[in-house]
Amino acid sequence: MVDSTSLFIETNTDCNAVGSATWDFAGHHVVFSIYGPDEAKIHDELTHRAYVDVTVTPRTGQRTSKESELEVYLNNLLERLIDVKEFPRSKFTGRLFIVTGGTNHPRTVAAAINAISLALLLSGLPLRATIASVCHTIQNALITFAIDVTHPKLYIKKYGSNEPSIFAIYTGQTHSEIDKTNGSSLHISIQNFLDMIKLPESNDNNINITENTKHESIYEQALNLLDAMVSQIVSNVHT
Numbered sequence: 000m001v002d003s004t005s006l007f008i009e010t011n012t013d014c015n016a017v018g019s020a021t022w023d024f025a026g027h028h029v030v031f032s033i034y035g036p037d038e039a040k041i042h043d044e045l046t047h048r049a050y051v052d053v054t055v056t057p058r059t060g061q062r063t064s065k066e067s068e069l070e071v072y073l074n075n076l077l078e079r080l081i082d083v084k085e086f087p088r089s090k091f092t093g094r095l096f097i098v099t100g101g102t103n104h105p106r107t108v109a110a111a112i113n114a115i116s117l118a119l120l121l122s123g124l125p126l127r128a129t130i131a132s133v134c135h136t137i138q139n140a141l142i143t144f145a146i147d148v149t150h151p152k153l154y155i156k157k158y159g160s161n162e163p164s165i166f167a168i169y170t171g172q173t174h175s176e177i178d179k180t181n182g183s184s185l186h187i188s189i190q191n192f193l194d195m196i197k198l199p200e201s202n203d204n205n206i207n208i209t210e211n212t213k214h215e216s217i218y219e220q221a222l223n224l225l226d227a228m229v230s231q232i233v234s235n236v237h238t
């Protein structure tokens with residue numbers, strides 16, 4: 000279960016953005032803001048959908064290839080999250096500031112994804128999914144899973160089926176690191192991976208785990224984070 004004592008969430012931290020959120024968990028602290036839709040410049044204009052541009056600012060020092068690669072990853076993520084086809088010839092700009100943590104550390108990226116998800120929920124933009132991100136270790140490799148918490152299979156009685164509830168995965172490896180190892184250094188068997196993403200058995204309409212469960216379900220963790228997001232949004236409404 001998510002340790003609420005180590006989780007800090009703040010919303011509407013940027014008054015110029017349509018949605019913004021701070022997410023700080025276990026020493027990985029990020030701030031994300033989303034702007035738009037704005038009119039796209041000619042070189043950014045797409046006739047069939049909105050253009051998305053995410054910039055990543057590291058906590059210290061000069062930008063490196065790590066920031067550039069994370070920008071590509073987050074660009075693709077936002078293009079899938081936002082219903083960009085509703086905004087042709089428009090542009091969305093996202094800004095991620097890493098306060099503490101490493102640019103390509105899976106836990107920092109998980110914090111970034113959660114901040115993005117919360118900021119988008121606050122923005123009121125049409126979304127194709129709502130996600131929450133958790134980290135899990137598989138064979139000594141820490142991996143970030145972005146879970147589609149709106150996926151209907153999370154709320155339906157289901158037994159041991161690999162359903163497409165995983166929205167995105169991040170391993171923390173840069174292209175340069177993969178090149179040095181002549182391929183990925185993550186040697187995870189297909190069966191181990193399938194066991195990881197398998198929906199747990201449940202006798203209820205919600206996901207439950209037993210004392211005999213070896214690891215807490217990544218879906219259970221994601222739903223707990225969703226509860227934290229919703230609670231934050233509700234508290235804003237009543238203040």
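Numbers 0 to 238, taken from numbering that gives the first Met the number 0, label the letters of the sequence shown in order. Note that CB positions come from ideal geometry on N, CA and C, so glycine has one too.
Could you check the C-alpha separation between residue i and residue j for me, to the nearest Å?
i: R106; j: N75; result: 19 angstroms
i: T129; j: R48; result: 20 angstroms
i: T10; j: N139; result: 34 angstroms
i: S164; j: Q231; result: 24 angstroms
i: I8; j: P151; result: 26 angstroms
i: H135; j: F24; result: 15 angstroms
i: H104; j: D82; result: 28 angstroms
i: D37; j: C14; result: 16 angstroms
i: N161; j: L224; result: Summary for N161: the model assigns pLDDT 46, below 50, so the residue's position carries little reliability, and this model does not support an answer.
i: L222; j: V236; result: 21 angstroms
i: L124; j: T59; result: 32 angstroms
i: S19; j: I137; result: 32 angstroms
i: V148; j: I112; result: 13 angstroms
i: S234; j: D226; result: 12 angstroms
i: T12; j: T21; result: 7 angstroms
i: T56; j: M228; result: 24 angstroms
i: E85; j: G93; result: 18 angstroms
i: D203; j: L6; result: Unreliable placement is indicated for D203, whose pLDDT of 45 sits below 50; the coordinate value is still reported in the next sentence. Each residue's Cα considered, the two are about 28 angstroms apart.
Should residue i and residue j be called a contact, given that it needs their Cβ atoms to be closer than 8 angstroms?
i: A114; j: F166; result: no
i: H27; j: A110; result: yes
i: S89; j: V17; result: no
Check for me: the beta strand (DSSP E) holding residue i runs from which residue to which?
i: E38; result: 27-38
i: R94; result: 89-99
i: D52; result: 50-56
i: T10; result: 6-10
Among the options, which one has its Cα closest to the Cα of residue i?
i: R127; options: V55, T136, S116; result: S116
i: S67; options: Y50, T102, Q220, I217; result: T102
i: N96; options: R62, L121, D82; result: At residue 96 the sequence reads Phe, which differs from the Asn that was named. With distances taken between Cα atoms, F96 lies closest to R62.
i: T54; options: I41, P36, L73, R88; result: L73
i: Q220; options: A39, A131, P87; result: A131
i: G100; options: V108, I142, S64; result: V108
i: K40; options: T59, V29, P87; result: P87
i: Y169; options: L141, A227, P125, M228; result: L141
i: I217; options: V233, A227, L153, V229; result: L153
Please look up how many angstroms separate the CB atoms of residue i and residue j, rounded, as I've assumed it's under 8 angstroms.
i: L119; j: L80; result: 6 angstroms
i: V51; j: E78; result: 5 angstroms
i: G35; j: F91; result: 4 angstroms
i: V260; j: V133; result: No information on residue 260 is available, as it lies outside the stretch 0 to 238 that the chain covers here.
What residue range does the alpha helix (DSSP H) around residue i cover?
i: V133; result: Not the alpha helix (DSSP H): V133 falls in the beta strand (DSSP E), residues 130-137.
i: I146; result: It is not in any alpha helix (DSSP H) - I146 instead sits in the beta strand (DSSP E) that spans 140-147.
i: A109; result: 105-122
At a Cβ threshold of 8 angstroms, is residue i touching chain D?
i: E68; result: Checking the listed chains, one finds no chain D in this structure; it contains a single protein chain.
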